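There are 2 protein chains.
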Amino acid sequence: MTTKQTSDVIDVPADFAGIPKLDDQICFALYSASGLMTKLYRPLLEPLGLTYPQYLAMMALWEQAPRTVGGLGEALGLDSATLTPLLKRLEAGGFLTRRRDAADERRVLLELTAKGQALREPAKGVAVQILCQFPRLSAAELDGLHHILAKLIAGLRETDVEAPAD
Amino acid sequence: MTTKQTSDVIDVPADFAGIPKLDDQICFALYSASGLMTKLYRPLLEPLGLTYPQYLAMMALWEQAPRTVGGLGEALGLDSATLTPLLKRLEAGGFLTRRRDAADERRVLLELTAKGQALREPAKGVAVQILCQFPRLSAAELDGLHHILAKLIAGLRETDVEAPAD
DNA sequence: TCCATTTAAATCGTGCACGATTATTTAGTA
DNA sequence: TACTAAATAATCGTGCACGATTTAAATGGA
Chain E
690 MTTKQTSDVI DVPADFAGIP KLDDQICFAL YSASGLMTKL YRPLLEPLGL
740 TYPQYLAMMA LWEQAPRTVG GLGEALGLDS ATLTPLLKRL EAGGFLTRRR
790 DAADERRVLL ELTAKGQALR EPAKGVAVQI LCQFPRLSAA ELDGLHHILA
840 KLIAGLRETD VEAPAD
Chain X
690 MTTKQTSDVI DVPADFAGIP KLDDQICFAL YSASGLMTKL YRPLLEPLGL
740 TYPQYLAMMA LWEQAPRTVG GLGEALGLDS ATLTPLLKRL EAGGFLTRRR
790 DAADERRVLL ELTAKGQALR EPAKGVAVQI LCQFPRLSAA ELDGLHHILA
840 KLIAGLRETD VEAPAD
């Protein structure tokens with residue numbers, strides 16, 4: 690509390706100087722919610738042998754396969770530095786295969802194995818259980834949350850693409 | 690392939706079986722938004738010598754110090770396995786000190802150094818710049834987002850505390 | 001007093017995440 | 001054809017995150 694009026698320390702409208710934490714709390718809320726969500730998934734995904742990021746990768750491949758590492762990375766917002774080791778673990782687990790594209794040896798094609806395909810059904814159960822365990826937010830609230838997040842993400846992606854050329 | 694009507698594979702209402710991705714997209718949206726947000730902070734925090742989690746720790750200490758590692762962990766939702774190395778880096782950077790509490794040698798007290806205190810003002814500038822770079826969401830939307838996230842987090846924390854005794 | 005229990009941090013092992021760099025292949029062009 | 005430039009993954013180094021375990025200190029009885 691007791692945030693004083695140090696309105697001349699930085700050259701911004703006094704309105705902002707007095708509330709230096711509110712925006713951070715939205716960021717912190719996103720950070721916290723994301724972490725807690727991952728924790729919620731952990732015990733459900735563990736029996737399947739997946740972590741949450743691995744589950745995301747599998748979902749992307751259930752939607753479309755084969756895909757390249759780059760294509761998957763674009764879908765998930767991750768780069769090869771993160772994906773390559775993750776995909777190697779999924780390959781070691783027998784969920785997918787990685788092979789160079791014969792038509793373009795720079796690309797690596799990801800393909801699901803039978804085991805990877807088979808995981809799709811139990812994964813649906815996970816999604817349902819998450820829904821059930823979900824804190825009591827109304828469908829309208831969930832919808833609103835999803836809608837605003839989509840807008841936020843679109844804006845953040847723009848900034849992420851344009852600003853680095855600063 | 691070709692997801693058929695296997696409505697008896699899992700014992701849930703058929704309504705859910707058909708929409709196995711919607712809830713995940715909220716989770717994925719949280720995950721993505723959180724990551725993009727951290728990326729937005731990075732170039733602003735780098736000149737200060739902080740990462741985003743370190744910035745969160747400093748914010749908690751600007752609000753209240755001295756604090757114990759456990760107290761900080763409760764505020765941030767992190768445990769000592771994450772905090773101990775992070776705090777050692779902040780100590781190595783000269784931002785804070787760690788010392789055993791003489792009254793209870795189990796506890797470690799965190800105290801800001803002059804350098805750590807001094808960082809508070811430029812950190813306010815970071816918060817302002819984040820607000821400015823922020824994608825065009827109305828104040829009402831930001832408010833709504835924050836409100837729903839708070840509700841979500843409260844529910845997730847409950848689940849996180851109660852469910853593990855399963 | 002002594003000892004089991006609880007509490008608090010630190011440590012260990014695994015896995016994610018990213019900026020920066022490197023290696024290889026393809027494409028474009030003089 | 002040769003030679004640069006662009007594209008694609010992989011690699012490297014640093015730092016976060018968490019479950020599980022370990023170490024040490026405080027607490028609460030018999």
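Residue numbers (this note's numbering), protein chains in the order written: chain E, 690 to 855; chain X, 690 to 855. Glycine is no exception: its CB is placed at the ideal position from the N, C-alpha and C atoms. Remember, it's a predicted structure, so these values are computed and weren't measured experimentally.
- Excluding residues up to 5 positions away in sequence, L750, A754, P755, R756, T757, V758, L761, L776, L785, T786 and R787 lie with their Cβ nearer than 8 Å to the Cβ of L799 of chain X in the same chain.
- With 16 or more other Cβ atoms inside 10 Å of its own Cβ, C716 of chain E counts as buried.
- A Cβ of chain X is located within less than 9 Å of the beta carbon of D849 of chain E.
- Look at Q753 of chain X: its C-beta is not under 9 Å from any C-beta on chain E.
- With a threshold of 16 other beta carbon atoms within 10 Å, A781 of chain X falls short and is exposed.
- Boundaries of the alpha helix (DSSP H) around E780 of chain E: S769 to A781.
- Chain E has no Cβ within less than 9 Å of the Cβ of K804 of chain X.
- Annotation: E794 of chain X is outside any alpha helix (DSSP H); the continuous beta strand (DSSP E) that includes it extends over D793 to L801.
- Looking from the CA of L719 of chain E, the closest CA among X:A803, X:A807, X:L739 and X:G766 belongs to X:G766.
- In the structure shown, L808 of chain E falls within a coil segment according to DSSP collapsed to helix, strand and coil.
- For L765 of chain E, the enclosing alpha helix (DSSP H) has its first and last residue at V758 to L765.
- Taking R809 of chain E as the centre and dropping the five residues before and after it, the same chain places the C-beta of W751 closer than 7 Å to its C-beta, in chain order.
- Listed along chain X, the residues sitting closer than 8 Å to M726 of chain E by beta-carbon distance are C716, L719, Y720 and L845.
- Within chain E, no residue has its CB atom less than 7 Å from the CB of P736 of chain X, the nearest being about 13 Å off.
- Take the alpha-carbon of P811 of chain X and the one of L737 of chain X: they are about 8 Å apart.
- Looking only at E:L739, E:R795, E:Q806 and E:V797, the smallest Cα-Cα distance to R778 of chain E is reached by E:L739.
- In the DSSP annotation of this structure, the continuous segment of the beta strand (DSSP E) that includes L785 of chain E starts and ends at L785 to D790.
- Close partners of G766 of chain X in chain E (Cβ separation under 8 Å): S721, G724 and L725.
- For A754 of chain E, no alpha helix (DSSP H) segment is defined, and its DSSP state is neither H nor E.
- When secondary structure is reduced to three states using DSSP, P824 of chain X falls in the coil class, being assigned neither helix nor strand.
- Contact between I819 of chain X and L745 of chain X does not hold, since their C-beta atoms are separated by about 13 Å, which reaches or exceeds 8 Å.
- Distance from the CA atom of F823 of chain E to the CA atom of A792 of chain E, rounded to whole angstroms, is 46 Å.
- By the beta-carbon neighbour count (other beta carbons within 10 angstroms, threshold 16), V850 of chain X is exposed.
- Taking a C-beta cut-off of 9 Å against chain E, none of the residues of the segment 774–786 of chain X qualify.
- With at least 16 other beta carbons inside 10 angstroms of its own, S723 of chain E counts as buried.
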